[in-house]
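Data block below; observations after.
Residue numbers (my numbering), protein chains in the order written: chain A, 1 to 442; chain B, 443 to 867; chain C, 868 to 1172; chain D, 1173 to 1485.
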């Protein structure tokens, strides 16, 4: 009867596996005798991206654009300096969180009106009143109470006294609510022990297979390292007698190696085999989400194909979610469902694969696609690449970061930073001139 | 309408080996290649297939403990001398064709494995031994000896190519070290893969360019040198060449460094430019810039280019002709269009399919099973046999000859030599 | 025969086991193929056995004086292999007894420096930040300051010259090398991706330090310790030569040399043989160190002293 | 050049805490001596009056940091106390030091000269003849030379050149230049051996680099490749340890001066130790420590001058 309603309800109940909200990572640049901080490398500068369960999000960009830092920040290997990394969060919580954030920024700027306080109270009420939000009941009651008071104060109820004046109370309640949600759902707000458990669920495979395996460990120890940290593998879902050794054997088979490889040391393996071992190590704790940081860029083409196929197979088998980071758009295209393009610490375009390749809107994405050499001499096109090189991330250009190299740049590009806007079809782009008609690329 | 193409460089039976404590690695195993004037030829292959080693062998800069074991590299031969040589070679080829298959293995140095004794060591022959082995009625046997005796590192006066002084005079492998130095940088020039490690870190860009220019062009006047340096830096389109000249390599970005490298290579107007993975260390947009520059500049200078890369896309866009290398051998050679349209060797076909192409998303990439063979082990037959889906018995035993399957399209595979059906083995 | 096979089996099993045992087997296997290591180990073994067996060897007691005419300044002969000194003592016997002191000082001083250095180096590498800043500053200071000079100043100032003083002085002066090494190594290893992977699996810093960082420091530490013993022996003999180290009548190579110096024209053997003993011992440890460096980690070639 | 100047200034500033720490350690030496600190500073068998004067002068009753201040203040003014040893009693330590300073500097200068002018060419030569007979012999020779204790080497040289061959004077300074040859050789040879080994391995590393192949591919002669490009790169690690070398020389100078009775600061120090002349020993330690610090500073600056990459840091 009400299928549309059902669908929307489904979306509302959906749990988003990973979402970053305005994630930033700055590295201080030190200089002089006393290590004075003279500036910051804006490696990641406000990245908001969401990854659904079971999909592969590709992240492309040139060296120094911050794509590797995004992966490392999600894993807390280099914890983000600002922003939120949500893990396994119901969509309703996320939506409320974003609304609350926008209201907070209004309050910070001092532009808030009574209507905003009412909106705030409504939003808080909805968030902490719902069962989807997993916060202790006491805190929920507290926060709902606060929301209630604010609403009444904003509505002009004088009976509550000065202490409940919405102008003072609202920012406080907002901070409380945001912290409460962040503490429950954000990786970068977790306690140490909680973090350790989360670590088992998010894993990474690095680019360089040569340095990612300890040269003094046998393959068995490398693959089994997770069990030394988190204890033996969970046997509840598996056969009763399912010990560590069996699990390691199973893992090593899953990545296409054999049992007699287990007692060997990393230096006896080729690059592709090392990458398989690294993959087995990542899979050992049965993670949900794996960051693949250029997993094949150190490999030869024929071996790369083997590893890419393996990654695909494993994803289907275990329902894994990937963040696939690479500089190679053709590989990313092959692997991903959606692609995000990064430039100088920002995501400048994000779209489903086909949409991005056939209908790229951002001039940088267009240039990136045009720069890729096509292994087919029939396309001996005159390349419409871009001039110049990526500016320093220490002092990125004002306005749109791409404007010094952009053919379409106008005055507004030099001053106003374009926001990532939805242009339909799940296509997001951060450009003032995305509407500009472009000749087809391929 | 085949126009006569003038060859710049002709490689014949080039074999380069590395002598390690663990054994002998055969990095190049009988390379034959002809590079014509004003063309750009791409050499494609995976790590360890010997594509870079070909470049170093041409310049005779094979690092220790490697050595060029045999072969000839004819550089800028005169037309008359070349035709004579081709005649010798054709005679030898014809003789070889007449041999029963079992003997082919034993004899022919260029196309087959070297004869080995029971311990697997390579056998070296004296002249009389070779004559004893060779049926007397066959005249071109002496050519066989050329190759065999080159192995023995001496050229007896009875073999045709070896005796022909005019022919030998063009062979780079016969030249003195001083002569080679005058060729390097001036006539044959090279661009290296990683510009961060291939420029001397403690000299400025200007100093490094001046050194090369003054060496090969005999210019010692500082002002003139500087103007030359600026000219060449402008040619590679470096912004602010005056500043770049005074800078050290570490002060430049990767793309700029590679431009400086190109400037170094082109500074003396070489007739042959060897670019060894010139864009591998660069980002894709910078790669596009550098490739465009290379194409343009090479055409502008009127030079010939050998482009070595692992990226099929790069050669497809840049090169006229492409050689596919595998385990130290050239397995297929064709024009770019032809190669991508009709990949003939199973390895080429596998490589093309394993390469993810933009806009052609597949569920599964087709793969070449297994890994590259150990170059320390001798393979009497085809090097690709272990990974080949269509390998037969003969592939394991006899090295496939190079055959022309289509016009100007050569392949070394028993599927096309007729060897696969040869039951005389 | 079966013994040998069983030993071989055991070694193979250890080799496959990874970790410390595998490291030891590897060390033995590769070391025995390196000529420098073999020569070095042989020299050191001979020196150590001489030193250990000194009390039971059929040699004259080192302090037995023979002041009778003709008994002192004897040239080397079958009775006194290395001759006798100005007091008629047997030079060979004094050298054998001197080996005890040199080797003891060398080993103990290196052991203490190793302990100080490893603790401080690991602390700096483990905590990083301010702690690292202070510790590495101290390390650098001690590193640039010549160990010998510091030991000399300490030896001159410390209460009573003697064996303990020398060991303490050398340990205090020499630890910086070890600390630098461990700190540098731990910083380098922490950058390696396998440590990152371990972190991603949830390993804490302590686990990373002890399972990844420390084992990867082992090879350079062994190399360094071997060369360190040679250095410590040099310093000890230099101190004794200057009269700050071991005090007579205990037999010490440096002191023997010093007393032989006066008679260098008439009885060169008194000074020549102790020097030779020092030379051979130091050579042995240096050979072992250099050889192990080649065997274990060729990248360490740049390291010095 | 501006970046080089900034670099030097930075290095000079960084030397200040080092100097302070070094003087602090020297200051603390006094408290390592047995008994009352006055015992170490006052001549033996001196009257209570003299002892009180000394106690007063160095403020030994003050709190430690004030004492350190007094010590520094006097140090800056060149007052290191007076000698209490036999023969030099009551002479200011600074006078004793300044008399000997030149001799030590000459010895170390010539020693350094010998060690680099021998070590660098030998190292390059050995690298170019890697694993050949010449290389092997050089390596064995340097290994043995380095293992030789310098006092023993000195004695052997004396025995050979002064006693048996009688070419050079036994000891002292009366023979002019001929006197310095043996001490300087003794001091320089050990470090020459070390420099040779270091230069060799550094050169071997450098010639494996891509840029060396690149230079060869430009037709540049082998001589230029090695002596111009190779040497300039290979010498960098050697320069980084010049500071350590100077430290080594300072330590070695003490021993060598004693062996050859060369009247430098080292000999002064050994005599001071034998005479239990604490003020002299302390003075010598300070001067030698300054040598080390200055040497390190010079090495840093030299390094920045040769290697353009360092200055940025």
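Built from N, CA and C at the ideal position, the CB exists for glycine as well.
Neighbourhood of residue i by C-beta distance below 6 Å, restricted to the same chain and skipping five residues each side
i: residue 1368 of chain D; result: 1291, 1294, 1295 and 1314
i: residue 46 of chain A; result: 22 and 24
i: residue 299 of chain A; result: 271 and 272
i: residue 1127 of chain C; result: 1137 and 1138
Buried versus exposed, by CB contacts within 10 Å (16 or more), residue i
i: residue 1149 of chain C; result: buried
i: residue 807 of chain B; result: buried
i: residue 547 of chain B; result: For residue 547 of chain B, the predicted model reports a pLDDT of 49, less than 50, meaning its position is unreliable; a value from the coordinates is still stated below. Residue 547 of chain B comes out buried.
i: residue 194 of chain A; result: exposed
i: residue 590 of chain B; result: Annotation note: pLDDT 46 at residue 590 of chain B (below 50); position unreliable, no value reported.
i: residue 436 of chain B; result: Residue numbering for chain B in the displayed model covers 443 to 867; residue 436 of chain B lies beyond these limits and cannot be assessed.
i: residue 611 of chain B; result: exposed
i: residue 1373 of chain D; result: buried
i: residue 502 of chain A; result: Here chain A has residues from 1 to 442 only, and residue 502 of chain A is not among them.
i: residue 456 of chain A; result: In the structure as shown, chain A begins at 1 and stops at 442. Residue 456 of chain A is therefore absent and cannot be evaluated.
i: residue 634 of chain B; result: buried
Range covered by the beta strand (DSSP E) that runs through residue i
i: residue 364 of chain A; result: Premise fails: residue 364 of chain A lies in the alpha helix (DSSP H), 363-371, not in any beta strand (DSSP E).
i: residue 84 of chain A; result: 82-90
i: residue 206 of chain A; result: Unbroken run through residue 206 of chain A: none, as it is neither H nor E.
i: residue 885 of chain B; result: Past the edges of chain B, shown from 443 to 867, lies residue 885 of chain B, and the structure says nothing about it.
i: residue 854 of chain B; result: 851-854
i: residue 469 of chain B; result: 466-478
Residue span of the alpha helix (DSSP H) that contains residue i, given as start and end
i: residue 835 of chain B; result: 835-839
i: residue 1103 of chain C; result: 1081-1108
i: residue 1270 of chain D; result: 1265-1300
i: residue 1022 of chain C; result: 1014-1024
i: residue 1047 of chain C; result: 1030-1058
Residues near residue i in its chain [Cβ-Cβ closer than 7 Å; skip 5 each side]
i: residue 507 of chain B; result: 460, 461 and 462
i: residue 1265 of chain D; result: 1252, 1253, 1254, 1255, 1451, 1452 and 1455
i: residue 613 of chain B; result: 514, 515 and 516
Contacting residues, own chain, Cβ-Cβ under 8 Å from residue i (five flanking each side not counted)
i: residue 903 of chain C; result: 1154, 1155, 1157, 1158 and 1161
i: residue 1279 of chain D; result: 1352, 1355, 1356, 1359, 1425, 1428, 1429, 1434 and 1436
Segments assigned beta strand (DSSP E), at least 3 residues, entirely inside the segment 746-791 of chain B: 746-751, 763-768 and 771-777
Taking only beta carbons into account, state which residues of the segment 467-500 of chain B come closer than 8 Å to chain A, listed in chain order. 488 and 489
Where in the segment 298-381 of chain A do unbroken runs of the beta strand (DSSP E), each at least 3 residues long, occur, reported from the N-terminal end onward? 321-326, 338-343 and 346-352
Please list the segments of the beta strand (DSSP E) lying wholly inside the segment 683-754 of chain B, counting only runs of 3 or more residues, in order along the chain. 714-718 and 746-751
Give me the subset of the segment 1071-1093 of chain C whose CB atoms are less than 8 Å from a CB atom of chain D, sorted by chain position. none
Where in the segment 28-85 of chain A do unbroken runs of the beta strand (DSSP E), each at least 3 residues long, occur, reported from the N-terminal end onward? As summarised for the segment 28-85 of chain A, the continuous beta strand (DSSP E) elements at least 3 residues long and confined to that stretch are 36-51 and 56-60, given in chain order.
Taking a Cβ distance cut-off of 8 Å, strictly less, list which residues of the segment 1350-1369 of chain D are near chain C, in chain order. Correct list: 1366.
Give, in chain order, every unbroken run of the beta strand (DSSP E) that is at least 3 residues long and sits entirely within the segment 267-293 of chain A. 289-293
Please list the residues of the segment 190-210 of chain A that have a C-beta atom closer than 7 Å to any C-beta atom in chain C, keeping them in chain order. Listed in sequence order: 196, 199, 200, 203, 204, 206 and 208.
When Cβ atoms are compared, which residues of the segment 1374-1400 of chain D fall closer than 9 Å to chain B? 1380, 1381, 1382, 1383, 1384, 1385, 1386, 1387, 1388, 1389, 1390, 1391, 1392, 1393, 1394, 1396 and 1400
Contact set between the segment 1114-1139 of chain C and chain D, restricted to residues whose Cβ is under 7 Å from the partner: 1124, 1128, 1131, 1132, 1135 and 1138
Contacting positions in the segment 392-409 of chain A - beta carbon closer than 7 Å to chain B: none
By the 7 Å beta-carbon criterion, what residues does the segment 1052-1065 of chain C contribute toward chain G? Among the protein chains in the structure shown, which are A, B, C and D, there is no chain G.
Relative to chain B, which residues along the segment 1466-1482 of chain D have a C-beta separation below 8 Å, given in chain order? 1478, 1479, 1480 and 1481
At a CB distance below 7 Å, what residues from the segment 1437-1460 of chain D approach chain C? Give them in sequence order. Taking 7 Å as the Cβ-Cβ cut-off against chain C, the residues of the segment 1437-1460 of chain D that qualify are 1442, 1445, 1446, 1453, 1457 and 1460.
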